[in-house]
Amino acid sequence: MTTDQATVAEEEYLQIMFWLEEAGLPITGANIATAMQLSAPTVHEMIGRLERDGYVERRPDKSLAFTESGREHAQAIVRRHRLIERFLTDVLGIPWDEVHEEAERLEHAMSPVLERRMLAAIGDAKTCPHGHPLVEGIREQGALLADVEPGAEVHVLRFENEAEELLRYLKEAGLRPGLDGTIESSDGDEVVVGSADGRHVVSRSVAETVSVRADPAPPPRAPLPEQLELSSDRYGR
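Count along the sequence shown from 1, add 714, and you get the number used in this note's numbering.
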C-alpha cells in the first residue's frame, strides 16, 4: 500500500534512485549503497521499507523500478532540490559549487507556496546550476568528456556527480555548464579543453563525470559505476 507522504529517509533513497536512472545506471542495491556510502544491509532494509510503502518494486533481474507513486515522489524531491540550487545561485548569489549541500538541507521542508515563489524568482531557467533539467523529459544525453577525441568541438551540458568537492575541482579548472571549447588533448591521465576562457585541465576520472555535446560525437554511454566513488562524501546532484 502506498503511503501519502514519504519520510525524509525514504525521499533520500528515492532521490538517489532517480539520479541513477537518469544517468543510465541500473537501480540496484549495490549502486545505491555505493552512491550513498552505506552498507549493503542498511540499504537492503530501506529497500524493503520502500517496497512495503509502495514506492518501488523488484524486476525479474533483481533490479528496482519505481511504482507510479514512487516516481511522483522522486520527481518532486529532485525538482525541489534543483530549484533550490538555481534560486540560491541566481537570486542569492551563492557560488554554484556551494549550493548542493544547502539544497540537501532545505529540500525536505519546502512548502508548495515557497516552491511557487522560487519558480517565479528564477524566471525562465530550465536547469539547475550544474546543468540538470528542472523538468523531466528535456534532458539531452550527450557524451562523456572522457570519450571525446582531440580536435572535437564540445559544449558542456552538465556535471553528473555533484559532490561539492568535485564541483570545486571543476570550478577551479574553469569548466562550467554552457562552456564551448575544443578538445586539445586526451590521454589516460587527463583531458585538456581549450576555450575563450583559457585551458581547462581535468583528470580522466573527473572527465568521466562531465556530459557534453560533441562534434564529432562518440557513442553515448552511462557514467562508469565506479565514478560514484569519486567523492569521499557521497555521490550527489
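Note that CB positions come from ideal geometry on N, CA and C, so glycine has one too.
(request) Give the straight-line distance between the Cα atoms of PRO930 and VAL827, rounded to the nearest whole angstrom. (result) Translated into the one-based positions of the sequence shown, residue 930 becomes position 216. Translated into the one-based positions of the sequence shown, residue 827 becomes position 113. Approximately 45 angstroms between the Cα atoms of the pair.
(request) Please say whether VAL915 and ALA857 have beta carbons closer to each other than 9 angstroms? (result) Here residue 857 is taken as the residue at index 143 of the sequence shown, counted from 1. Here residue 915 is taken as the residue at index 201 of the sequence shown, counted from 1. Cβ distance not < 9 angstroms, so ALA857 and VAL915 don't count as in contact.
(message) Check for me: the alpha helix (DSSP H) holding ALA779 runs from which residue to which?
(response) On the sequence shown, position 65 is the one that residue 779 refers to. Taken as a continuous stretch (DSSP letters only), ALA779 belongs to no alpha helix (DSSP H), being part of the beta strand (DSSP E) at 778-780.
(request) Mark LEU806 as exposed unless 16 or more other C-beta atoms lie within 10 angstroms of its C-beta, in which case mark it buried. (result) The residue given as residue 806 occupies position 92 in the sequence shown. The residue is exposed, with fewer than 16 neighbouring Cβ atoms inside 10 Å.
(request) Answer with buried or exposed for ARG913, where buried requires no fewer than 16 other C-beta atoms within 10 angstroms of its C-beta. (result) Locating residue 913 in the sequence shown gives position 199, where the first residue counts as 1. The residue is exposed, with fewer than 16 neighbouring Cβ atoms inside 10 Å.
(request) Go ahead and label GLU724 buried or exposed: buried means 16 or more other beta carbons lie within 10 angstroms of its beta carbon, across all protein chains shown. (result) As a first step, residue 724 must be located in the sequence shown, where it is residue number 10. Label assigned to GLU724: buried.
(request) Within 10 angstroms of the Cβ of THR803, are there 16 or more other Cβ atoms? Answer buried if so, exposed if not. (result) For the purposes of this step, residue 803 is identified with residue 89 of the sequence shown, where counting begins at 1. THR803 should be labelled buried.
(request) Under the assumption that GLU771 contacts ALA779 (Cβ atoms under 8 angstroms), give the Cβ distance between them as a whole number of angstroms. (result) By one-based count along the sequence shown, residue 771 stands at place 57. By one-based count along the sequence shown, residue 779 stands at place 65. Confirmed, about 6 angstroms.
(request) Determine the DSSP secondary structure at VAL722, reduced to helix, strand or coil. (result) What you label residue 722 is simply residue 8 of the sequence shown in a count that begins at 1. Of the three classes helix, strand and coil, the one that applies to VAL722 here is helix, per DSSP.
(request) Would you kindly work out how many angstroms separate the C-alpha atoms of THR923 and LEU797, rounded to a whole number? (result) Against the sequence shown, residue 923 aligns to sequence position 209. Against the sequence shown, residue 797 aligns to sequence position 83. Computed Cα separation, rounded: 22 angstroms.
(request) Go to LEU871, then tell me how far its beta strand (DSSP E) extends in each direction, as first and last residue. (result) For this step, residue 871 is matched to residue 157 along the sequence shown. Unbroken beta strand (DSSP E) run through LEU871: 867-873.
(message) As an exercise, report each continuous beta strand (DSSP E) stretch of at least 3 residues that is fully enclosed by the region 770-810, in chain order.
(response) 770-772 and 778-780
(request) Spatial neighbours of GLU867 within its chain, please: CB distance less than 6 angstroms, with the 5 preceding and 5 following residues excluded, ordered by chain position. (result) By 1-based counting over the sequence shown, the position of residue 867 is 153. Closer than 6 angstroms at Cβ, skipping near neighbours: THR896 and ASP929.
(request) Can you give me the Cβ contacts of ILE836 inside the same chain, cut-off strictly under 8 angstroms, excluding the 5 residues immediately before and after it? (result) Here residue 836 refers to the residue found at position 122 of the sequence shown. Within the same chain, ILE836 has close Cβ partners LEU797, ARG800, PHE801, ASP804 and VAL805.
(message) Taking the straight line between their C-alpha atoms, what separation do you get for GLU850 and GLY743?
(response) Indexing the sequence shown from 1 puts residue 850 at position 136. Indexing the sequence shown from 1 puts residue 743 at position 29. Between GLU850 and GLY743, the C-alpha separation is close to 24 angstroms.
(message) Given a cut-off of 9 angstroms on the beta-carbon distance, is the pair GLY1005 and HIS869 in contact?
(response) Since the displayed the chain opens at 715 and closes at 951, residue 1005 lies outside it and no answer follows.
(request) Along the beta strand (DSSP E) that carries GLY902, what are the first and last residues, could you check? (result) Taking the first residue of the sequence shown as position 1, residue 902 is located at position 188. It is not in any beta strand (DSSP E) - GLY902 carries neither H nor E in the DSSP assignment.
(request) With distances taken Cα to Cα, identify the nearest neighbour of GLU821 among PRO809, ILE808, VAL792 and ASN745. (result) One-based indexing of the sequence shown puts residue 821 at position 107. Among PRO809, ILE808, VAL792 and ASN745, the Cα nearest to that of GLU821 belongs to VAL792.
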